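Data first, discussion second: the structure below is written as structure tokens.
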Amino acid sequence: MTNSDLTGKTAIVTGASRGIGLATAQALATAGANVVLTSRKQEAADAAAAQIVGSAIGVGAHAVEEDQARACIERTLETFGSLDILVNNAGTNPAFGPLVNQDHGRFAKTMDVNLWAPLLWTGLATEAWMGAHGGSVINTASIGGLGHEAGIGMYNASKAALIYVTKQLALELSPRIRVNAVAPGVVRTKLAEALWKEHEAQVSASTALNRIGEPDDVASAIAFLASDAASWITGETMVIDGGQRLGDALQYRSGASVGV
Ligand SMILES: NC(=O)c1ccc[n+]([C@@H]2O[C@H](COP(=O)([O-])OP(=O)(O)OC[C@H]3O[C@@H](n4cnc5c(N)ncnc54)[C@H](OP(=O)(O)O)[C@@H]3O)[C@@H](O)[C@H]2O)c1
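Each residue of the sequence shown is one higher than the one before, counting from 15 in this note's numbering.
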């Protein structure tokens with residue numbers, strides 16, 4: 015067994031019906047884990063689980079509904095006997111536009127799904143298994159939580175808070191449970207379509223690695239953080255953005271920044 019092998023471990027990935035969650039479930043299964051994929055709809059969760067090459071089940075569970083989260087964790091333990099890895103991946107962005115134009119409904123939905131749900135699921139997983147046996151929790155944050163961007167301030171505030179919470183939980187749940195986050199840049203998924211679909215070539219060209227991300231790019235980093243290969247890493251937020259946060263790569267490639 016290598017230290018990135020997850021054979022015998024069990025993972026829950028919330029929001030795994032498509033995108034980064036589905037790719038993460040496959041990466042964890044490929045590494046040997048049993049995987050539980052959640053979606054708001056049982057059929058979508060089942061359909062996603064059926065795509066996984068490996069050991070997987072689908073569970074319908076709205077990430078914010080405590081009863082559904084509790085039932086999902088119970089089903090996981092009944093089916094596979096442990097809960098070693100929790101990926102809090104379900105996310106939403108219903109609140110475009112300036113912060114001062116938001117209303118409480120959009121604020122509450124954003125914060126509930128992106129911030130409260132990871133706290134809820136981490137607490138339940140700790141109580142049901144990880145507190146006694148240890149575990150690894152990975153939260154899907156965003157590079158948006160590390161800076162400022164026009165139009166998505168509410169979403170970014172929720173991800174900034176999730177990065178804070180990741181560090182706080184890493185301390186509170188130490189030393190048995192590691193808690194880390196990933197902060198993806200623009201990834202080819204439905205949630206982020208507004209950020210890439212109409213202008214992919216432009217976004218790619220301005221990124222150091224010259225492309226937007228694919229769900230697998232994030233999934234492999236999550237699988238690493240879940241595994242013993244990351245056994246001395248906790249409270250960290252791993253940026254996975256193809257170099258997007260470095261700045262506009264096009265200026266450098268064109269030689270515009272070369273000094274005289
Ligand atoms: N794509 C990017 O560029 C990017 C960048 C940074 C961070 N992220 C983060 O990555 C995570 C995954 O997003 P994605 O880009 O992969 O988007 P996606 O393809 O649209 O997938 C979103 C997933 O979340 C699930 N979901 C949404 N609300 C839920 C809820 N209340 N309860 C349970 N599941 C729920 C959806 O499942 P159902 O619709 O089937 O319920 C779906 O499986 C999110 O946390 C997002 O903020 C994405």
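Just so it is clear, CB atoms sit at the ideal spot from N, CA and C, and this is done for glycine as well.
In this text the structure is predicted, and so the values were computed from the model without any measurement.
To the nearest angstrom, how far is it from the Cα of Pro-189 to the Cα of Val-179?
-> 16 Å
Assigned secondary structure, Asn-275 (DSSP; H/G/I helix, E/B strand, else coil) | Absent from the model: residue 275. The displayed extent of the chain is 15 to 274, so no value can be given.
Where the beta strand (DSSP E) through Val-193 begins and ends = 191-198
Return helix, strand or coil for Ala-58, following the three-state DSSP convention.
-> helix
Does DSSP put Asn-107 in a helix, a strand or coil?
-> coil
Where does Pro-198 land, buried or exposed, given buried means 16+ other C-beta within 10 angstroms?
-> buried
Between the CA atoms of Gly-22 and Ala-215 - distance to the nearest angstrom | 42 Å
Quick one: give me the first and last residue of the alpha helix (DSSP H) that Asn-170 is part of.
-> 167-186
Rounded Cβ spacing between Ala-59 and Gly-72 (contact assumed at less than 8 Å) = 3 Å
For Thr-136, the nearest candidate out of Val-201, Ala-184, Thr-93 and Met-168 (CA to CA) | Ala-184
Helix, strand or coil: how does DSSP classify Val-232 here?
-> helix
From Ala-64 to Thr-38, what distance separates their C-alpha atoms?
-> 15 Å
Among residues of its own chain, excluding the 5 on either side of Ala-25, which ones have a beta-carbon nearer than 6 Å to its beta-carbon?
-> Leu-42, Ala-47, Val-49 and Ile-99
Consider the C-beta atom of Asn-115 and the heavy atoms of ligand 1; say whether any pair is separated by less than 6 Å.
-> no
Considering only C-alpha positions, which residue in the set Arg-202, Ala-233, Thr-16 and Leu-205 is nearest to Val-27?
-> Ala-233
Rounded Cβ spacing between Ile-191 and Thr-140 (contact assumed at less than 8 Å) | 7 Å
Whose C-alpha, out of Ala-235, Gly-249, Gly-29 and Glu-163, is nearest the C-alpha of Glu-186?
-> Gly-249
Within 10 angstroms of the Cβ of Tyr-169, are there 16 or more other Cβ atoms? Answer buried if so, exposed if not.
-> buried
Taking the alpha-carbon positions, what's the Asn-17 to Gln-82 distance?
-> 33 Å
Hey, would you say Asp-231 sits closer than 7 Å to Ile-254, going by beta carbons?
-> yes
Using three-state DSSP, classify Thr-251 as helix, strand or coil.
-> strand
Distance between beta carbons of Lys-173 and Gly-159, contact taken as under 8 Å = 3 Å
Inspect the beta-carbon positions of Val-196 and Ile-236 and report whether they are closer than 7 Å.
-> yes
Would you decide whether Val-272 is buried or exposed? Buried here means 16 or more other CB atoms lie within 10 Å of its CB.
-> For Val-272, the predicted structure reports a pLDDT of 49, less than 50, and the residue's modelled location is therefore unreliable. The matter cannot be settled from this model.
Roughly how many whole angstroms lie between the Cα atoms of Trp-210 and Asn-103?
-> 20 Å
Candidates Gly-149, Gly-167, Val-127 and Leu-36: which alpha carbon is nearest Asn-115's?
-> Gly-167
Does the Cβ-Cβ distance between Leu-260 and Ala-222 come in under 7 Å?
-> yes
Cut-off 7 Å between Cβ atoms - residues of its own chain near Leu-138, not counting five sequence neighbours on either side = Ala-83, Arg-84 and Ile-87
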